[in-house]
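Asker: First, the structure itself, so that you have it in front of you.
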Amino acid sequence: MSILGTFYIPHPPIMIPQIGRGDEVKLQKTIEAYKQVVDKIAELKPDTIVVISNKAPRYSDYIQTFSKVRLSGNLSKYGAKEIDFTADFDIKYSKKIREIAERTNYTCGGTARSDFREIDYGTIIPLYYITKRYVECNLVSVGLSDLPECEHAKMGEIIAQAADELDRKVVCIASCDLSENPSNKDFTNAYAMLEGVNGSKVDFTESLINFEDPFNVGYAVGSLSDTEFVKTTRKKLEVDNSAEAENNAKTFETLLAAKKVVADKKLPTDQCVKLAQLAVETFIQTNDILLPNKVLDETSELLNERRPVFVTLYKNGNLRGCIGATSAIQKTVADEIIGNAVSAATRDVRFMPITSAELREIEYQIDILNDPTDVKNIDELDCSQYGLIMEKDNKKSIILPNLAGVETVDMQLLILRKQLGITEDDKDFTLKKFTVETHK
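With our numbering applied, the sequence shown corresponds to residues 76 to 515, in that order.
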């Protein structure tokens, strides 16, 4: 097995005696748990250690992997210049990561961007402890990004695949603290990457060895790859029998729950929503148009039907973009979804284009229109069931059914008239109703 272990550890500079100058005792349990992880790594004897650090150079839309032979760094900014490291990097491994990313059309990570100039302190602090017990390995340094968790998980899968193809014995570490700001997703993104490396999802509480929160910044130590190691280490540190530790664990869960409200942006199971989400993310991150056959099976109805589609985007429950048409324009429903999703994200004139930093917060609704029929009597309408198309002088206005804030048919008609620029007294128009197949 190429991946020997996956761990997460914090990197507070105060843990280093030369910096803490006695205050490191405030993190005694964290340091003890840290040393247990280091002992485990020494026992595993990896060829390469991959360090995922939220203090490494980062891009909003790209997960960078370092690709030079050797690099140095120190802790002089914390008054400990004497703590200096020069590390040899596993260039073959970094190149293999890039090769697999290119081979699998993964454009969100690799070694394509500018390289690191020095080892960041989020990597140095783990090395400070690891090299006291184990030095016979090379390093691969990986940053984080503002991309969704699913992209970090995919990068983790590539890291694991590279280890397999090179037959490298690898330990992967996420060096990251837990900010109490729920919008800071560094830890959950790093954890998602570890899950990708690990090859399976692991509940936070099952992986946690120890958590402390002495300075309103959470410090968590844990392992995704070895639940038995987690259990024995917790027992050794007497974590399970401590009221303080129990309270800390609850704080850990609360912090993560707040982050996961937004951060847990996994790909949806609904094929229409999945297609729209991937289309938007692909375009914003790469400027490329998603090909539907990369997502859908060739037998999918979405590739074999032609119907009009509306794609609506929401952010925090508020409208963020909506584009569609009353008749089909593209060859297939899948093409309609992709085209309208990208347009809703970037060309709705009511809004600024969506940025990569917003992607994790976007919710998608896809409405596939059924054939419209003439309205014979206003009384037959229901604003929650029927959308309406009003036409006059070859101009059309449309409103979808069941829109938030539109509670009556009269409100639907008022909106349609305003879109066409006609008054309430004007009766010279045609009106059709339609139903939709909604996916969200």
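Quick reminder that beta carbons are idealized off the backbone N, C-alpha and C, glycines included. Remember, it's a predicted structure, so these values are computed and weren't measured experimentally.
Who pairs with Phe160 in a beta bridge, going by DSSP?
Answerer: Taking the sequence shown and counting its residues from 1, one reaches residue 160 at position 85. Phe160 pairs with Gly148.
Asker: Here's a check: name, in chain order, each residue in its chain whose Cβ is nearer than 6 Å to the Cβ of Lys568, leaving out the five neighbours to either side.
Answerer: There is simply no residue 568 to check, as the chain begins at 76 and stops at 515 in what is shown.
Asker: Check whether the Cβ atoms of Val305 and Ile364 lie closer than 8 Å to each other.
Answerer: Within the sequence shown, numbered from 1, the residue matching residue 305 stands at position 230. Within the sequence shown, numbered from 1, the residue matching residue 364 stands at position 289. Not closer than 8 Å, so no.
Asker: Within 10 Å of its beta-carbon, does Lys171 have 16 or more other beta-carbons around it, so buried, or fewer, so exposed?
Answerer: To locate residue 171, count along the sequence shown from 1; it is residue 96. Classification of Lys171: buried, given that the 10 Å Cβ count is 16 or more.
Asker: What did DSSP end up calling Glu99 once you bin it into helix, strand or coil?
Answerer: In the sequence shown, the residue the question calls residue 99 occupies position 24. Helix, per DSSP.
Asker: With a CB to CB cut of under 7 Å and the five nearest residues on each side skipped, what residues in its chain are close to Asp301?
Answerer: As a working mapping, residue 301 is identified with position 226 in the sequence shown. Excluding sequence neighbours, Asp301 sits near Gly80.
Asker: For Tyr134 versus Ser220, is the C-beta spacing smaller than 8 Å?
Answerer: The residue given as residue 134 occupies position 59 in the sequence shown. The residue given as residue 220 occupies position 145 in the sequence shown. Yes, they are a contact pair.
Asker: Per DSSP, what kind of secondary structure is Ala400 in: helix, strand or coil?
Answerer: In the sequence shown, residue 400 corresponds to position 325, counting from 1. Here Ala400 sits in coil by DSSP.
Asker: Below 8 Å on the Cβ atoms is my guess for Gln405 versus Gly396; work out the distance and round it to an integer in Å.
Answerer: Within the sequence shown, the letter at position 330 stands for residue 405. Within the sequence shown, the letter at position 321 stands for residue 396. With 8 Å as the limit, Gln405 and Gly396 do not qualify as a contact, their Cβ atoms being about 18 Å apart.
Asker: Determine the extent of the alpha helix (DSSP H) in which Cys225 is found, giving its start and end residues.
Answerer: As a first step, residue 225 must be located in the sequence shown, where it is residue number 150. It spans Glu224 to Leu241 - the alpha helix (DSSP H) in which Cys225 sits, taken as one unbroken run.
Asker: One question on the structure: do Leu150 and Ile158 come within less than 8 Å of each other, judged by their Cβ atoms?
Answerer: One-based indexing of the sequence shown puts residue 150 at position 75. One-based indexing of the sequence shown puts residue 158 at position 83. Their beta carbons are under 8 Å apart, which means Leu150 touches Ile158 by this criterion.
Asker: Using a threshold of 8 Å, state whether the C-beta atoms of Tyr204 and Tyr109 are closer than that.
Answerer: Position 129 of the sequence shown holds residue 204. Position 34 of the sequence shown holds residue 109. Closer than 8 Å, so yes.
Asker: Whose C-beta lies closer than 7 Å to the C-beta of Tyr209 among residues of the same chain, with five residues either side of it excluded?
Answerer: Counting from one through the sequence shown, the residue named residue 209 turns up at place 134. Here the set comprises Ile116 and Ala117.
Asker: Quick check: the Cα distance between Thr374 and Thr161, rounded to an integer number of angstroms?
Answerer: Sequence index remark: in the sequence shown, residue 374 carries index 299 (1-based). Sequence index remark: in the sequence shown, residue 161 carries index 86 (1-based). Using only the alpha carbons, I get a separation of about 55 Å.
Asker: Does DSSP put Ser431 in a helix, in a strand, or in coil?
Answerer: As a working note, residue 431 is residue 356 in the sequence shown. Ser431: helix per DSSP, three-state reduction.
Asker: When the Cα atoms are used, what is the spatial distance from Val126 to His227?
Answerer: Here residue 126 refers to the residue found at position 51 of the sequence shown. Here residue 227 refers to the residue found at position 152 of the sequence shown. Taking the straight line joining both Cα atoms gives about 14 Å.
Asker: With distance defined between alpha-carbon atoms, name the residue in Lys470, Asp468, Asp485 and Asn469 nearest to Pro476.
Answerer: Numbered from its first residue, the sequence shown carries residue 476 at position 401. Comparing Cα positions, the closest option is Asp485.
Asker: Per DSSP, Asp136 forms a beta bridge with which residues?
Answerer: Locating residue 136 in the sequence shown gives position 61, where the first residue counts as 1. Answer is none; Asp136 lacks a bridge partner.
Asker: Using DSSP with H/G/I as helix, E/B as strand and the rest coil, what is Ile359?
Answerer: Numbered from 1 along the sequence shown, position 284 holds the residue referred to as residue 359. Ile359: helix per DSSP, three-state reduction.
Asker: Rounded to a whole number of angstroms, what is the C-alpha to C-alpha distance between Phe279 and Val144?
Answerer: To locate residue 279, count along the sequence shown from 1; it is residue 204. To locate residue 144, count along the sequence shown from 1; it is residue 69. The alpha-carbon atoms of Phe279 and Val144 are separated by roughly 35 Å.
Asker: Output yes or no for whether 8 Å exceeds the beta carbon distance between Tyr569 and Pro92.
Answerer: The structure shown does not extend to residue 569, since the chain is modelled only from 76 through 515, so no value can be given for it.
Asker: Evaluate contact between the stretch 495-515 and the stretch 459-474, counting only Cβ atoms and requiring at least three cross-stretch pairs below 8 Å.
Answerer: A contact exists between the stretch 495-515 and the stretch 459-474.
Asker: If contacts are defined as beta-carbon pairs under 8 Å, then Thr407 and Asn379 qualify, I think. What distance do you get, rounded to the angstrom?
Answerer: As a first step, residue 407 must be located in the sequence shown, where it is residue number 332. As a first step, residue 379 must be located in the sequence shown, where it is residue number 304. Between Asn379 and Thr407 the Cβ distance is about 7 Å, and since that is below 8 Å, they are a contact.
Asker: Comparing C-alpha positions only, which one of Thr140, Ala420, Asp288 and Asn264 sits nearest to Gln103?
Answerer: Position 28 of the sequence shown holds residue 103. That would be Asp288, whose Cα lies nearest to the Cα of Gln103.
Asker: Thr401: which of Leu478, Phe141, Pro367 and Glu411 sits nearest, CA to CA?
Answerer: Counting from one through the sequence shown, the residue named residue 401 turns up at place 326. The candidate whose alpha carbon is nearest that of Thr401 is Glu411.
Asker: Going by C-alpha to C-alpha distance, which of Lys120, Ile248, Tyr196 and Thr357 sits closest to Ile94?
Answerer: The count along the sequence shown starts at 1 and reaches residue 94 at position 19. Answer by Cα proximity: Tyr196.
Asker: Can you tell me the Cα-Cα spacing of Glu466 and Ser472, whole angstroms?
Answerer: Along the sequence shown, one-based indexing puts residue 466 at 391. Along the sequence shown, one-based indexing puts residue 472 at 397. Each residue's alpha carbon lies about 7 Å from the other.
Asker: For Glu174, report the span of its alpha helix (DSSP H) as first-last.
Answerer: Within the sequence shown, residue 174 is the residue found at index 99, counting from 1. Residues Ile166 to Arg178.
Asker: Helix, strand or coil: how does DSSP classify Gly462 here?
Answerer: On the sequence shown, residue 462 is found 387 positions in, with the first residue counted as 1. DSSP places Gly462 in the strand class (E or B) of the three-state scheme.
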